[in-house]
Amino acid sequence: MDRFTQLRRLGLFDARVPRYTSYPTANHFNRDIGPAEAASWMAGIVPGSEISLYAHVPFCRRLCWFCACRTQGTSTLGPVETYVATLSQELDNLAKHLPSDITLSRLHWGGGTPSILSPALIDRLRGKVFEVAPLATDAEFSVEIDPNEIDWERLEALAFAGMNRASIGVQDFDSEVQEIIGRIQSFDVTKKAAENLRAVGVDSVNIDILYGLPGQSRARITDSVLKVLSLSPDRIALYGYAHVPWMARRQSLIPADRLPDPTERLRLFETAQRLIEADGYVAVGIDHFAKRDDGLAKAAANGTLRRNFQGYTDDQSSTLIGIGASAISRYPEGYAQNAPATSDYTGQIRAGRLATVRGHAFSGDDRLRADVIEALMCFNRVDAGDLAERRGHDRSAVLALLATIDEAFRPMVFSTSEGLSIRPDALPLARMIARSFDAYAMNEASHSPAI
Numbered sequence: 150m151d152r153f154t155q156l157r158r159l160g161l162f163d164a165r166v167p168r169y170t171s172y173p174t175a176n177h178f179n180r181d182i183g184p185a186e187a188a189s190w191m192a193g194i195v196p197g198s199e200i201s202l203y204a205h206v207p208f209c210r211r212l213c214w215f216c217a218c219r220t221q222g223t224s225t226l227g228p229v230e231t232y233v234a235t236l237s238q239e240l241d242n243l244a245k246h247l248p249s250d251i252t253l254s255r256l257h258w259g260g261g262t263p264s265i266l267s268p269a270l271i272d273r274l275r276g277k278v279f280e281v282a283p284l285a286t287d288a289e290f291s292v293e294i295d296p297n298e299i300d301w302e303r304l305e306a307l308a309f310a311g312m313n314r315a316s317i318g319v320q321d322f323d324s325e326v327q328e329i330i331g332r333i334q335s336f337d338v339t340k341k342a343a344e345n346l347r348a349v350g351v352d353s354v355n356i357d358i359l360y361g362l363p364g365q366s367r368a369r370i371t372d373s374v375l376k377v378l379s380l381s382p383d384r385i386a387l388y389g390y391a392h393v394p395w396m397a398r399r400q401s402l403i404p405a406d407r408l409p410d411p412t413e414r415l416r417l418f419e420t421a422q423r424l425i426e427a428d429g430y431v432a433v434g435i436d437h438f439a440k441r442d443d444g445l446a447k448a449a450a451n452g453t454l455r456r457n458f459q460g461y462t463d464d465q466s467s468t469l470i471g472i473g474a475s476a477i478s479r480y481p482e483g484y485a486q487n488a489p490a491t492s493d494y495t496g497q498i499r500a501g502r503l504a505t506v507r508g509h510a511f512s513g514d515d516r517l518r519a520d521v522i523e524a525l526m527c528f529n530r531v532d533a534g535d536l537a538e539r540r541g542h543d544r545s546a547v548l549a550l551l552a553t554i555d556e557a558f559r560p561m562v563f564s565t566s567e568g569l570s571i572r573p574d575a576l577p578l579a580r581m582i583a584r585s586f587d588a589y590a591m592n593e594a595s596h597s598p599a600i
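Just add 149 to wherever you are in the sequence shown, counting from 1, and you've got the numbering used here.
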């Protein structure tokens, strides 16, 4: 039986499963978690510790059809100015509950398009964030950059604010694919953005690309990847496009009959993967690649790689606080999510309250399963002894959970007295294998294709 036949037999080309940037996944959050719980969890942060902070900016000058993120279009800065004022007030609200001497190990501005902010708004948000918690020594401050929505003045403002890593979204450089997905972005514009980032002192640049887009072919993705590699990014994220028009209505503008079939999706991914690895990048987890001297590659090698709502990270902080509409926070005790609608979020904040409307409090079983799933997603293996040492789990409990893996996957994994690992030729099954350890019921329509 050839590899593709075996993967098809196991259901890879039909399944939809979570991306597992959290466990349990956000669709299992509940209304039992609100402002009181979030405030209590904040108050429990150890004084003097490092935390991470994520600021969500849900505005774009134009709405790309392929995107399923929670964003809204605006042709003026008026709504953005109002929103930054609300973010500032939310930070004031948080400061009432947080220890006064915490610092930030990671600060990330995402969206939407954070680079839509004017220099004055960048400076205002920077100042308010650092009133609450300054950057720690060797901290990382990253911002998502749209090459079509950035200029030298904003780059200078971001660099002055402390940005030392930038993430550029590319998706695909082919002009026809760009027309189909509603995202026009030339290679020259992207190259200029990368050059200007380095010119203002931002040495670390990430680039995101997509496979599985409508109209994409192996020849086209080859050309796009080679252009990405010519920009010498420090990290590359190779995400699979998820076509979910029932959840993201703008995707209904994309012709479904132009989408590659599931088998071709895998071939597109592996075509890009071979090119990236041939250029010297190290595979990190299931869909990231990094230069060997990058922190992500080092974390993958030394066993400290983590996975959160921003994807893979080398951040070791146990607390990630999200601010802004729909932003999700992770505390040692559980998850807390802000009101998704900007109007609801704004109302909560202006009333002087935290905007938490739902979340999830961890049980002991959640913590065990979350660590097993994270290990699979980060390292393609689970070492029972390592989880016992690093996470404090009972080794026998880890092994007992691993023994419950779906029998169908056993030919694709190696089981030993120490743990479990996925065969190299079976790595596309990683998310499906992780699903074997998920105790929660799943609605497949809520998730992306397994490949």
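Backbone N, C-alpha and C define an ideal beta-carbon position, used for all residues, glycine too.
### Query
Considering only C-alpha positions, which residue in the set LEU307, ASP372, ARG367 is nearest to PHE290?
In the sequence shown, counting from the first residue as 1, residue 290 sits at position 141. Nearest C-alpha to PHE290: LEU307.
### Query
Do the CB positions of ILE582 and ILE571 come within less than 8 Å of each other?
In the sequence shown, residue 582 corresponds to position 433, counting from 1. In the sequence shown, residue 571 corresponds to position 422, counting from 1. Yes, Cβ-Cβ distance for ILE582 and ILE571 is below 8 Å.
### Task
Tell me, please, whether the stretch 290-299 touches the stretch 260-276 by the rule of three or more beta-carbon pairs shorter than 8 Å.
Yes: the two stretches touch, three or more of their Cβ pairs being nearer than 8 Å.
### Message
Need the endpoints of the beta strand (DSSP E) that TRP190 sits in, please.
### Response
Taking the first residue of the sequence shown as 1, we reach residue 190 at position 41. No beta strand (DSSP E) holds TRP190; the alpha helix (DSSP H) holding it covers 184-192.
### Query
What are the start and end residues of the beta strand (DSSP E) that includes THR491?
Your numbering for residue 491 matches position 342 in the sequence shown. Where THR491 is concerned, there is no enclosing beta strand (DSSP E), although the alpha helix (DSSP H) it sits in stretches over 491-499.
### Message
Buried or exposed, going by whether 16 or more other CB atoms sit within 10 Å of the CB of VAL351?
### Response
The residue you call residue 351 lines up with position 202 of the sequence shown. Counting the other Cβ atoms within 10 Å of the Cβ of VAL351 gives 16 or more, which makes it buried.
### Task
Classify LEU253 as helix, strand or coil using the three-state DSSP reduction.
As a working mapping, residue 253 is identified with position 104 in the sequence shown. Strand, per DSSP.
### Query
If you follow the alpha helix (DSSP H) that PHE528 is part of, which residue opens it and which one closes it?
To locate residue 528, count along the sequence shown from 1; it is residue 379. Unbroken alpha helix (DSSP H) run through PHE528: 513-528.
### Task
Kindly confirm or deny that the stretch 557-574 and the stretch 518-531 touch, where touching means at least three C-beta pairs closer than 8 Å.
yes
#### Entry: Chain-order list of residues whose beta-carbon lies under 8 Å from that of PHE208 (same chain, five-residue window excluded)
Translated into positions along the sequence shown, residue 208 becomes position 59. Within the same chain, PHE208 has close Cβ partners THR220, GLN221, GLY222, THR223, PRO228, VAL229, TYR232, GLY260, GLY261, THR262, ILE265.
### Query
Looking at ALA282 and THR235, is the spacing between their C-beta atoms short of 8 Å?
Within the sequence shown, residue 235 is the residue found at index 86, counting from 1. Within the sequence shown, residue 282 is the residue found at index 133, counting from 1. THR235 is not a Cβ neighbour of ALA282, given a cutoff of 8 Å.
### Task
Pick helix, strand or coil for GLN327, following the three-state DSSP scheme.
Counting from one through the sequence shown, the residue named residue 327 turns up at place 178. In this structure, GLN327 counts as helix in the three-state DSSP scheme.
### Query
Looking at C-beta atoms only, is the number of pairs between the stretch 533-543 and the stretch 460-469 that lie closer than 8 Å three or more?
no
### Message
Going by DSSP in three states, THR412 sits in which element: helix, strand or coil?
### Response
As a working note, residue 412 is residue 263 in the sequence shown. Helix at THR412.
### Query
Considering only the beta carbon of each residue, do ILE600 and PHE279 sit closer than 8 Å?
Reading the sequence shown from its first residue, position 451 is the one you call residue 600. Reading the sequence shown from its first residue, position 130 is the one you call residue 279. No.
### Query
Are the stretch 512-523 and the stretch 178-195 touching, with three or more C-beta to C-beta distances below 8 Å?
no
### Message
Can you tell me whether GLY286 is helix, strand or coil according to DSSP?
### Response
Here residue 286 refers to the residue found at position 137 when the sequence shown is read from its first residue. It should be pointed out that residue 286 corresponds to Thr in this sequence rather than to Gly. Of the three classes helix, strand and coil, the one that applies to THR286 here is strand, per DSSP.
### Query
In terms of DSSP beta bridges, what is HIS437 paired with?
Here residue 437 refers to the residue found at position 288 when the sequence shown is read from its first residue. Answer by DSSP bridge pairing, in chain order: ALA386, VAL433.
#### Entry: Residue burial classification, PHE458 (beta-carbon count within 10 angstroms, cutoff 16)
As a first step, residue 458 must be located in the sequence shown, where it is residue number 309. So PHE458 ends up on the buried side.
### Query
Quick one: Cα of LEU156 to Cα of GLY389, how far?
Taking the first residue of the sequence shown as position 1, residue 156 is located at position 7. Taking the first residue of the sequence shown as position 1, residue 389 is located at position 240. Going from the Cα of LEU156 to the Cα of GLY389 covers about 17 Å.
### Task
Report the option in MET526, GLY473, ARG407 whose CA atom is closest to the CA atom of TYR461.
Within the sequence shown, residue 461 is the residue found at index 312, counting from 1. Nearest C-alpha to TYR461: MET526.
### Message
Going by beta-carbon coordinates alone, are LEU402 and VAL349 separated by less than 8 Å?
### Response
Here residue 402 refers to the residue found at position 253 of the sequence shown. Here residue 349 refers to the residue found at position 200 of the sequence shown. Not a contact, by the Cβ cut-off of 8 Å.
### Query
Can you tell me the Cα-Cα spacing of ALA474 and GLU426, whole angstroms?
Numbered from its first residue, the sequence shown carries residue 474 at position 325. Numbered from its first residue, the sequence shown carries residue 426 at position 277. Computed Cα separation, rounded: 37 Å.
### Query
Can the beta-carbon of HIS337 be found less than 8 Å from the beta-carbon of ASN355?
Here residue 337 corresponds to residue number 188 of the sequence shown, with the count starting at 1. Here residue 355 corresponds to residue number 206 of the sequence shown, with the count starting at 1. Here residue 337 turns out to be Asp, not His, going by the sequence shown. Against a cut-off of 8 Å, the Cβ pair of ASN355 and ASP337 comes out as no contact.
### Minimum length 3: unbroken beta strand (DSSP E) runs contained in the stretch 289-377
314-320, 353-360
### Query
Do you know offhand how far ASP410's Cα is from LEU417's?
Here residue 410 refers to the residue found at position 261 of the sequence shown. Here residue 417 refers to the residue found at position 268 of the sequence shown. Their backbone Cα atoms lie some 10 Å apart in a straight line.
### Environment of SER324 [buried if 16+ CB atoms lie within 10 Å]
Mapped onto the sequence shown, residue 324 falls at position 175. Result: exposed.
### Message
On the CB-based measure, 16 or more other CB atoms within 10 Å of its CB, does ARG168 come out buried or exposed?
### Response
The count along the sequence shown starts at 1 and reaches residue 168 at position 19. With 16 or more other Cβ atoms within 10 Å, it is buried.
### Query
Got a sec, what are the start and stop residues for the alpha helix (DSSP H) ASN487 sits in?
In the sequence shown, residue 487 corresponds to position 338, counting from 1. ASN487 -> not in any alpha helix (DSSP H); beta strand (DSSP E) instead, spanning 483-487.
### Query
Tell me which same chain residues have a C-beta within less than 8 Å of the C-beta of GLY483, skipping the five on either side of it?
Counted from its first residue, the sequence shown places residue 483 at position 334. Result list for GLY483: ILE182, GLU186, TRP190, GLY508, HIS509, ALA510, PHE511, in chain order.
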